[in-house]
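S.K.:
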RNA sequence: GGAGGGGUAGCGAAGUGGUCAAACGCGGCAGACUGUAAAUCUGUUCCUUCGGGUUCUAUGGUUCAAAUCCAUAUCCCUCCA
């Protein structure tokens, strides 16, 4: 299987700017870039799913450059319905540093920052050197802008696409970049760059987008319980990652294996077959978790996450000593219990619940267990005596969320 | 600059003086079922010392009573210049 066929088979090709790209990907070694704006100080799993294509292309001999948008992040690309809240310059700087470090660690590619070539550009030069090449009518036709005409869009965000187009042209001149890859929502910005390059440099650049990775309900991959899954393992533990992945629904797990792992066609088809026969074993989900966590955090972390999950979900934890628990579940969110108190208060102090009302709702609704025992009395006193080795409580909220309560 | 229309909970959206802590939908959380799945069904979704307290862009005002009426500010949309 050649490069393009491989990408196609995995469902990673949505749009390509020209049919020639297929041949180029198969026969030439291209330098390409993929970018992200620094909206947070760590990448999340959405970045992972799209940046992985860079690693994939690199395996076929193409040269990846990761762009962190220190300049474009100051503007913000138009979201579907709302104007973005601007991020302060200090935050952008901080985020750029975080992402750059992470991108190098996880993906190991060259990282560039578009602030470097944008910061000294004057408004007049911007308008003359770039603005003159792009027709407003052309911009209005772009979906990313068009869908905002109803709700309103400021000039700031309107101009974003040109900034991104400038990056493409700059990287072409500076680094010989001829291809930009991105998620499908970036199509409009990619084509602006291609247009600029054609007009300004008289050269044909290429763009390719991949579909957003969605779950069975059409929700973006990685959206869970309101918290993002961060790639920084200090922000999201390997255990949390494992839990997210092991719960992948049957309908999409094979698709995820294709898109998010480096397993080849034969391997995936074999897993698919087994998975269809015995979905309840969740073998495919297990492999997915293994592949992704190993790639991101390393094998040690994967094993830890797996051991921890196994202990929590398929073994009787009441046999464990407090030491075992503290060792195995070190990454788990925990509450330091300063003094004995009713359960409803503990849940609030530990940030397990937002309010006492919620705390009571959960307790009386059978949703809270202490050391695997359901507690339904709001005023149940959490005492030292009741703790494992007079030290630790394993607090379970709902079916899957665990917290440690540790006596001081 | 002018004319008009708007700003309601995480989001969308009803409500146009008291029966409003605010319908409904989505989302979130939880329960049942299960495979730590999906689908489905059920409950719940401002805070509370359970007396009550604080909400409908903001600040003042009218009224026994305001999300609802008035004034000013502010932000957004549409059209005109």
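Residue numbers (our numbering): 3 to 410. Note that CB positions come from ideal geometry on N, CA and C, so glycine has one too. These figures come from a predicted structure and were not determined experimentally.
Thinking C-beta only, is residue 51 closer than 7 Å to residue 223?
M.R.: Walking along the first chain from the start, residue 223 turns up at place 221. Walking along the first chain from the start, residue 51 turns up at place 49. Yes, Cβ-Cβ distance for residue 223 and residue 51 is below 7 Å.
S.K.: Is residue 206 buried or exposed, if buried means 16 or more other CB atoms sit within 10 Å of its CB?
M.R.: Here residue 206 refers to the residue found at position 204 when the first chain is read from its first residue. Its Cβ having fewer than 16 others within 10 Å, residue 206 is exposed.
S.K.: Name the one or two DSSP bridge partners that residue 137 has.
M.R.: As a first step, residue 137 must be located in the first chain, where it is residue number 135. According to DSSP, residue 137 bridges with nothing at all.
S.K.: So, using beta-carbon positions, are residue 162 and residue 19 closer together than 7 Å?
M.R.: What you label residue 162 is simply residue 160 of the first chain in a count that begins at 1. What you label residue 19 is simply residue 17 of the first chain in a count that begins at 1. No.
S.K.: Is the beta carbon of residue 263 sitting closer than 7 Å to the one on residue 293?
M.R.: The residue labelled residue 263 in the question sits at position 261 within the first chain. The residue labelled residue 293 in the question sits at position 291 within the first chain. In contact: residue 263 and residue 293 (Cβ atoms closer than 7 Å).
S.K.: Could you spell out the range, first to last residue, of the alpha helix (DSSP H) harbouring residue 397?
M.R.: Within the first chain, numbered from 1, the residue matching residue 397 stands at position 395. No alpha helix (DSSP H) holds residue 397; the beta strand (DSSP E) holding it covers 394–399.
S.K.: Using a Cβ-Cβ cut-off of 8 Å (strictly less than) and excluding sequence neighbours within five positions of residue 385, which residues of its own chain qualify?
M.R.: Sequence index remark: in the first chain, residue 385 carries index 383 (1-based). Counting only Cβ-Cβ distances below 8 Å, and skipping sequence neighbours, we find 342.
S.K.: Are the CB atoms of residue 181 and residue 111 within a distance shorter than 7 Å?
M.R.: Numbered from its first residue, the first chain carries residue 111 at position 109. Numbered from its first residue, the first chain carries residue 181 at position 179. Cβ atoms of residue 111 and residue 181: not closer than 7 Å.
S.K.: May I ask you to verify whether the segment 163–180 touches the segment 126–144, counting CB pairs closer than 8 Å and requiring at least 3?
M.R.: yes
S.K.: Less than 7 Å between C-beta atoms, sequence neighbours within five positions excluded: which residues of the same chain meet that for residue 185?
M.R.: Position 183 of the first chain, counted from the first residue, corresponds to residue 185. The answer, listed in chain order, is 52, 211, 212, 214.
S.K.: Is DSSP giving residue 371 helix, strand or coil here?
M.R.: Position 369 of the first chain, counting from 1, holds the residue named residue 371. Correct three-state label for residue 371: strand.
S.K.: If we ignore side chains and look at the alpha-carbon of each, how far apart do residue 356 and residue 350 end up?
M.R.: Locating residue 356 in the first chain gives position 354, counting from the first residue. Locating residue 350 in the first chain gives position 348, counting from the first residue. Roughly 6 Å separates the two Cα atoms.
S.K.: Tell me, which residues are paired with residue 376 by DSSP?
M.R.: Taking the first residue of the first chain as 1, we reach residue 376 at position 374. The partner list for residue 376 (beta bridge, DSSP) reads 371.
S.K.: Tell me which same chain residues have a C-beta within less than 7 Å of the C-beta of residue 261, skipping the five on either side of it?
M.R.: By 1-based counting over the first chain, the position of residue 261 is 259. Cβ-Cβ distances below 7 Å link residue 261 to 12, 13, 14, 51, 215 in the same chain, with the five nearest sequence neighbours on each side left out; the list follows chain order.
S.K.: I need the straight-line Cα distance from residue 139 to residue 148, nearest angstrom please.
M.R.: Working through the first chain from its first residue, we reach residue 139 at position 137. Working through the first chain from its first residue, we reach residue 148 at position 146. The C-alpha of residue 148 is placed about 10 Å away from the C-alpha of residue 139.
S.K.: From this set, 237, 306, 284, 40, which residue's C-alpha is nearest residue 73's C-alpha?
M.R.: Mapped onto the first chain, residue 73 falls at position 71. If we check each option's Cα against that of residue 73, 40 comes out closest.
S.K.: Have a look at residue 329 and residue 245 and give me their C-alpha separation to the nearest angstrom.
M.R.: By one-based count along the first chain, residue 329 stands at place 327. By one-based count along the first chain, residue 245 stands at place 243. Distance between the alpha carbons of residue 329 and residue 245: 19 Å.
S.K.: Measuring only from the beta carbon, is residue 185 closer than 6 Å to any heavy atom that is part of the ligand SAM?
M.R.: Looking at this structure, you won't find the ligand SAM or any other ligand, since it has none at all.
S.K.: Using alpha carbons as the reference points, say which of 325, 159, 76, 187 lies closest to residue 84.
M.R.: Working through the first chain from its first residue, we reach residue 84 at position 82. The shortest C-alpha separation from residue 84 is found at 159.
S.K.: Could you spell out the range, first to last residue, of the beta strand (DSSP E) harbouring residue 65?
M.R.: Residue mapping note: residue 65 aligns to position 63 of the first chain, counting from 1. From DSSP, the beta strand (DSSP E) with residue 65 extends over 65–70.
S.K.: May I have a chain-ordered list of the beta strand (DSSP E) segments no shorter than 3 residues that lie completely inside the segment 107–171?
M.R.: 112–115
S.K.: Please classify residue 115 as buried or exposed, where buried requires at least 16 neighbouring CB atoms within 10 angstroms.
M.R.: Translated into the one-based positions of the first chain, residue 115 becomes position 113. Buried: at least 16 other Cβ atoms inside 10 Å.
S.K.: When the Cα of residue 63 is compared with those of 29, 406, 76, 48, which residue comes out closest?
M.R.: The residue labelled residue 63 in the question sits at position 61 within the first chain. Nearest C-alpha to residue 63: 29.
S.K.: Leaving out five residues before and five after residue 378 in sequence, what residues of the same chain have Cβ atoms less than 7 Å from its Cβ?
M.R.: Position 376 of the first chain, counted from the start, is the residue given in the question as residue 378. Contacts found: 365, 366, 368.
S.K.: Report yes if the C-beta distance between residue 259 and residue 270 is below 7 Å; otherwise report no.
M.R.: Here residue 259 corresponds to residue number 257 of the first chain, with the count starting at 1. Here residue 270 corresponds to residue number 268 of the first chain, with the count starting at 1. Contact flag set, yes.
S.K.: Which residue or residues does DSSP assign as beta-bridge partners of residue 211?
M.R.: Locating residue 211 in the first chain gives position 209, where the first residue counts as 1. 17, 184, per the DSSP bridge assignment.
S.K.: From residue 277 to residue 137, what distance separates their C-alpha atoms?
M.R.: Residue numbering aside, residue 277 sits at position 275 when the first chain is read from its first letter. Residue numbering aside, residue 137 sits at position 135 when the first chain is read from its first letter. C-alpha of residue 277 to C-alpha of residue 137: approximately 52 Å in a straight line.
S.K.: What is the C-beta distance between residue 287 and residue 255, in whole angstroms, given that I count them as a contact (C-beta under 8 Å)?
M.R.: Numbered from its first residue, the first chain carries residue 287 at position 285. Numbered from its first residue, the first chain carries residue 255 at position 253. With a Cβ gap of about 6 Å, residue 287 and residue 255 count as contacting.
S.K.: Ordered along the chain, which non-local residues of its own chain (more than five positions away) have a Cβ less than 6 Å from that of residue 141?
M.R.: Walking along the first chain from the start, residue 141 turns up at place 139. 147, listed in sequence order.
S.K.: At which residues does the alpha helix (DSSP H) containing residue 299 begin and terminate?
M.R.: On the first chain, residue 299 is found 297 positions in, with the first residue counted as 1. Note, residue 299: alpha helix (DSSP H), 285–299.
S.K.: Indicate the three-state DSSP secondary structure (helix, strand or coil) for residue 40 in the structure shown.
M.R.: Taking the first chain and counting its residues from 1, one reaches residue 40 at position 38. Of the three classes helix, strand and coil, the one that applies to residue 40 here is coil, per DSSP.
S.K.: Residues in the same chain with beta-carbon distance under 7 Å from residue 358, minus the five sequence neighbours each way, listed in chain order, please.
M.R.: Locating residue 358 in the first chain gives position 356, counting from the first residue. Hits under 7 Å: 346, 350.
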